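Reading through the structure tokens given below for one structure.
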DNA sequence: ATTTCGGTGTGAGGTAGGTCACAGCCTACA
DNA sequence: TGTAGGCTGTGACCTACCTCACACCGAAAT
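Chains as they are written, first to last, in the working numbering: chain A, 410 to 595; chain B, 410 to 595.
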């Protein structure tokens with residue numbers, strides 16, 4: 410029997426006994442979503458942090474003129490939510506929806522803090538994960554500050570080759586901060 | 410006697426006994442820097458993560474054409490380093506220098522991990538801190554994706570009013586990703 | 001006292017990328 | 001099997017912002 414994807418993911422940072430993993434998994438709520446379905450919707454409460462078992466999602470902000478900017482994509486073994494709203498227990502200011510049918514594991518803030526308090530390994534995992542995420546966002550900021558549309562697209566293609574085929578170009582443009590048309594002209 | 414600024418800072422997230430704080434402080438190396446002095450220099454090893462007791466710094470990237478983009482400012486009670494290089498123990502890819510004379514506390518990666526392993530409160534503190542930092546960077550990315558020069562400057566002024574007087578406009582421009590001249594025209 | 005230099009304002013002109021509009025092509029679904 | 005809607009390409013125009021150039025000012029340095 411192949412190990413659970415969440416277990417593989419956690420154990421890349423913190424080793425776990427069978428009992429510990431079962432205990433952890435029990436704090437996640439499995440949820441399935443259809444294509445185009447909202448996982449988090451602007452203005453609504455955020456039910457948890459979502460670990461992606463299968464599928465593809467986008468977290469995006471909608472401006473008053475209707476233009477959408479994509480903050481993050483998420484595929485297998487990524488985590489996604491509106492972190493600002495999640496940590497502070499406020500209504501969401503961004504929306505997250507499914508680009509493909511999704512199987513997710515939802516971890517409520519209460520359960521996250523409970524697990525972190527009870528199991529050192531879990532708090533260690535989330536610290537390391539957050540550190541890595543911070544670094545990745547810094548790099549994206551530098552990319553936005555220093556490079557033009559073509560260079561950003563190249564960087565994206567080099568960093569996420571698997572997403573190139575999986576995502577419509579329109580969405581990649583909304584992630585890179587470029588218009589659909591400009592991206593189309595390479 | 411007024412409590413140590415680092416202690417105040419840590420205790421906003423994790424309460425500490427006198428003994429614990431003394432033990433923690435013993436893992437930091439106090440260092441003083443002059444105006445314009447490098448704290449971290451591109452290509453060199455990163456000695457640690459720096460807690461700012463006093464002063465003002467900038468972390469910036471220099472492009473091949475010499476143009477500087479500022480990733481982060483740091484003043485009293487902020488942390489700053491090249492996190493990518495620090496966590497991965499690689500040579501720095503950004504530089505950090507002092508805008509004012511600085512008193513810093515340097516925490517090596519070894520001591521950070523040691524403290525995190527020995528004291529729950531410390532690991533908890535760094536997890537929370539990293540989470541908050543992640544959210545702040547997400548907001549900056551959204552700002553870069555969705556707003557123009559004037560709006561970004563307004564947001565910056567609203568968020569960091571004390572930095573407006575403390576920093577030359579040229580640097581604020583390099584932080585916002587706008588030319589000095591455009592910022593000058595408001 | 002004079003010079004240098006960092007910081008700032010402002011004008012003129014250039015350009016990367018935005019906006020708008022239309023057309024072609026799929027897939028899905030009735 | 002027709003039609004509607006998502007995705008992409010492309011042309012024509014427009015504009016926010018960049019670049020270059022010069023001028024002014026105050027603080028520091030000699």
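Note that the Cβ used here is the ideal one computed from N, Cα and C, for glycine as well.
Being a predicted model, the structure only gives us computed values, none of them experimental.
- With distances taken between CA atoms, residue 522(A) lies nearest to 536(B) out of 522(B), 536(B), 553(B), 412(B).
- Interface annotation for the segment 464-478 of chain B against chain A: 470, 472, 478, criterion Cβ-Cβ distance under 7 Å.
- Separation of the CB atoms of residue 483(A) and residue 450(A) is rounded to 16 Å, and the pair is thereby denied contact status at 8 Å.
- Across the segment 508-541 of chain B, CB contacts with chain A closer than 8 Å involve 525, 529, 532, 533, 535, 536, 539, 540, 541, in sequence order along the chain.
- Along the length of the segment 426-498 of chain B, whole beta strand (DSSP E) runs at least 3 residues long occupy 437-442, 447-449, 458-463, 466-471, 477-483, reported in chain order.
- Taking the CA atoms as reference points, residue 545(B) sits about 11 Å from residue 547(A).
- Chain B places a beta carbon closer than 8 Å to that of residue 549(A), counting this residue as a contact.
- Neighbours of residue 457(B) in chain A, taken as residues whose beta carbon is under 7 Å from its own, are absent, since the nearest beta carbon is some 15 Å off.
- In the displayed model, residue 509(B) falls within coil according to three-state DSSP, outside both helix and strand.
- Taking each of 577(A), 494(A), 532(A) in turn and checking the Cα distance to residue 422(A), the smallest one comes out for 532(A).
- Here residue 446(B) has 507 as same chain residues with Cβ atoms under 6 Å from its own Cβ, once five neighbours each way along the sequence are excluded.
- Annotation: Cβ neighbours of residue 554(B) in chain A (cutoff 7 Å, chain order): 478, 586.
- Note on geometry: alpha-carbon atoms of residue 571(A) and residue 465(A) lie some 11 Å from one another.
- Taking one beta carbon from each stretch, the segment 485-493 of chain A and the segment 469-476 of chain A have fewer than 3 pairs nearer than 8 Å; the two do not touch.
- For the pair residue 519(B) and residue 526(B), the Cα-to-Cα distance works out to about 11 Å.
- Contact of residue 573(A) with chain B is not assigned, every C-beta pair being separated by 8 Å or more.
- Annotated three-state conformation of residue 576(A) is coil, per DSSP.
- Going by DSSP, residue 586(A) is part of no alpha helix (DSSP H) at all; its letter is neither H nor E.
- Ranked by how close their Cα comes to the Cα of residue 435(B), the residues 442(B), 416(B), 453(B), 441(B) have 416(B) in first place.
- Counting C-beta pairs closer than 8 Å gives three or more between the segment 583-592 of chain B and the segment 552-571 of chain B, which meets the contact rule.
- In the DSSP assignment, residue 413(B) falls outside any alpha helix (DSSP H), carrying neither H nor E.
- In this structure residue 467(B) is buried. Its beta-carbon is surrounded by 16 or more other beta-carbon atoms within 10 angstroms.
- Contact annotation for residue 493(A) against chain B: 544, 547, 548 [CB-CB distance below 8 Å, chain order].
- A Cβ-Cβ contact shorter than 8 Å links residue 461(A) with residue 485(A).
- Here residue 575(B) is exposed, its C-beta having fewer than 16 other C-beta atoms within 10 Å.
- When DSSP states are grouped into helix, strand and coil, residue 504(A) belongs to the strand group.
- In the three-state scheme derived from DSSP, where H, G and I count as helix and E and B as strand, residue 554(A) is classed as helix.
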